[in-house]
Amino acid sequence: MSDDPNWFAPKRYGYGAGLPIAWQGWAVLLGYLVLVGLGSAFMRHSTVAYLSAVSILTAVFLVICARTTKGGWRWRWGQEE
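Read left to right, the sequence shown gives residues 882 to 962 (our numbering).
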């Protein structure tokens, strides 16, 4: 089992994270997508509840991505590190 805290690759250009580079990152991404999908299935009659749930899920997902991106989140111009 890997103790590497880097679950996501940094974007080559711009700010943020790219695709997952570890199984933990793929699991977090899949879990996020499943929860958003389940929310749309169960909250189809309440737009406010759905948007609130998606906003909270997205905020949590972004915090996890930011904390586990290799090299952190910063602006990148395409140079290799």
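Virtual Cβ for every residue (Gly too), placed ideally from N, Cα, C.
Computed from a predicted structure; not experimentally measured.
Measure the beta-carbon distance from residue i to residue j and round it to whole angstroms, keeping in mind my assumption that it falls under 8 Å.
| i | j | result |
| --- | --- | --- |
| Arg957 | Pro891 | 6 Å |
Under the three-state reduction of DSSP, which class applies to residue i: helix, strand or coil?
| i | result |
| --- | --- |
| Gly899 | strand |
| Trp956 | coil |
| Thr939 | helix |
In or out: residue i buried (at least 16 other Cβ within 10 Å) or exposed?
| i | result |
| --- | --- |
| Phe889 | buried |
| Gly912 | exposed |
| Ala940 | exposed |
| Ile945 | buried |
| Thr928 | exposed |
| Val909 | buried |
Residue range of the beta strand (DSSP E) that residue i falls in?
| i | result |
| --- | --- |
| Pro891 | 889-891 |
I need the boundaries of the alpha helix (DSSP H) containing residue i, first residue and last residue.
| i | result |
| --- | --- |
| Arg971 | Outside the modelled stretch of the chain, which goes from 882 to 962, sits residue 971, for which no answer is possible. |
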